[in-house]
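Just so you know, the sequences run in chain order Y and H.
In terms of the working numbering, the first sequence opens at residue 1 and continues consecutively.
In terms of the working numbering, the second sequence opens at residue 1001 and continues consecutively.
2 protein chains.
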Amino acid sequence: MGNKKNLLNEKLKEKGLKFTNQRKDIYDFFLKNQDKHMSAEEILSEIEKGNSEIGLATIYRTLQLFTDTGIIVKHDFDDGRSRYELKTDNDVHNHHHLICQVCGKIIEVNMDLMDELEKEIEDEYDFEITNHIVKLYGHCKDCKK
Amino acid sequence: MGNKKNLLNEKLKEKGLKFTNQRKDIYDFFLKNQDKHMSAEEILSEIEKGNSEIGLATIYRTLQLFTDTGIIVKHDFDDGRSRYELKTDNDVHNHHHLICQVCGKIIEVNMDLMDELEKEIEDEYDFEITNHIVKLYGHCKDCKK
DNA sequence: GTCAATGCAAACGCTTTGCACCTTG
DNA sequence: CAAGGTGCAAAGCGTTTGCATTGAC
């Protein structure tokens, strides 16, 4: 994982920002939980289960920083809090999510859905699309019955 | 507009709910602003510009009721407050929105984007899709330059 | 040593809720 | 007149911010 930590260090240096323990801890946390979508509170309590002390305000400030830097992605799954996920290299556009309306499970969709449609829409509406968010609601295989 | 008001009355009766002045005013307001996406505060202040007095809590409670009843649709355009819009008859699935990242304009998209893709995804992920939300971010024709 | 980062607590902004009063059916 | 609806003010809740202190470079 050493090389990945250096990656954080580099991104921070690029912007003249400091490499602090808190930022390292939060980044490590995302590396260890790449499949999850965690809220600020969840991140805080998980990190505190480890060894480190950290303030909630710092969590929020760091999440904002990482989001702006493109290290993580912020999601809204309609549960009243923002959720965050490490941005992977092959996320050119963001991937999409299936949201189970019964159990709340979030399933990632990596098919690229929208390329064709975006072109159609750009022509039809004279609008230049830079990003899109697709959320698909329904019932997952366990909850279908 | 009389027949449309009766429509509200009917929907309320179905559920054993009362037809009050406040509910009528809010419904009328949506009928008069079918193209807009209004927040609770905006609805309140517009209604108060008319003649009627109404409390903000009532606005919220009514918006929730209308949303549950399928009279209106609740949207999130990432500006920290929910926005509401009358649900039109041809909204089988919700329509979608282009969001200009420069001027904030919201443009409605009525192309049905997702029918094909939904089928693909349902097979691929064994997930039964009941609804979807698509938000497309970018630059509108006025802001493209 | 300087400037950014942190932690705490207070503030914020939207939304929800408890409760006494009012209105619809 | 009974049950639901309203208005007010207070509370809730996630998130942000001011400020004094701490820590990285």
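Glycine included, each C-beta is placed from N, C-alpha and C at the ideal position.
Under 9 Å Cβ-Cβ, which residues of chain H neighbour residue 145 of chain Y?
-> Residues of chain H passing the Cβ test: none, with the nearest at roughly 10 Å.
Taking 8 Å as the cut-off, decide whether the C-beta atoms of residue 1114 of chain H and residue 124 of chain Y are in contact.
-> It is not a contact, given that the beta carbons lie outside the stated cut-off.
Give a yes or no on whether 8 Å exceeds the smallest Cβ distance from residue 1038 of chain H to chain Y.
-> Residue 1038 of chain H is outside the set of residues whose beta carbon lies under 8 Å from a beta carbon in chain Y.
Would you mind telling me which residues of chain H sit closer than 7 Å to residue 76 of chain Y, beta carbon to beta carbon, in chain order?
-> Here the neighbours are 1076.
Can a CB atom of chain Y be found closer than 8 Å to the CB of residue 1126 of chain H?
-> At a cut-off of 8 Å, the C-beta of residue 1126 of chain H has a neighbouring C-beta in chain Y.
Span of the beta strand (DSSP E) holding residue 82 of chain Y?
-> It spans 82 to 86 - the beta strand (DSSP E) in which residue 82 of chain Y sits, taken as one unbroken run.
Determine the chain Y residues that contact residue 1098 of chain H at a beta-carbon separation under 9 Å, and present them in chain order.
-> Neighbours of residue 1098 of chain H in chain Y, taken as residues at a C-beta separation under 9 Å, are given in chain order as 121, 125, 127 and 129.
Under a three-way DSSP split, which group does residue 1049 of chain H fall into?
-> For residue 1049 of chain H, the secondary structure class from DSSP, reduced to helix, strand or coil, is helix.
Could you give the distance in angstroms between the alpha-carbon of residue 55 of chain Y and the alpha-carbon of residue 1081 of chain H?
-> Taking C-alpha positions only, residue 55 of chain Y is separated from residue 1081 of chain H by approximately 27 Å.
Host beta strand (DSSP E) of residue 1062 of chain H (start-end) | Careful: residue 1062 of chain H lies outside any beta strand (DSSP E), inside the alpha helix (DSSP H) at 1056 to 1069.
When the cut-off is 8 Å and only beta carbons count, does residue 1136 of chain H lie next to chain Y?
-> Yes, its Cβ sits closer than 8 Å to a Cβ of chain Y.
Could you please give the first and the last residue of the uninterrupted beta strand (DSSP E) stretch that includes residue 144 of chain Y?
-> Careful: residue 144 of chain Y lies outside any beta strand (DSSP E) and carries neither H nor E.
Is it a yes or a no for the segment 69 to 87 of chain Y touching the segment 36 to 46 of chain Y, going by three-plus beta-carbon pairs under 8 Å?
-> Taking one beta carbon from each stretch, the segment 69 to 87 of chain Y and the segment 36 to 46 of chain Y have 3 or more pairs nearer than 8 Å; the two touch.
Could you tell me whether the Cβ of residue 1026 of chain H comes closer than 8 Å to any Cβ of chain Y?
-> Taking Cβ atoms only, chain Y never reaches closer than 8 Å to residue 1026 of chain H, which makes this a no.
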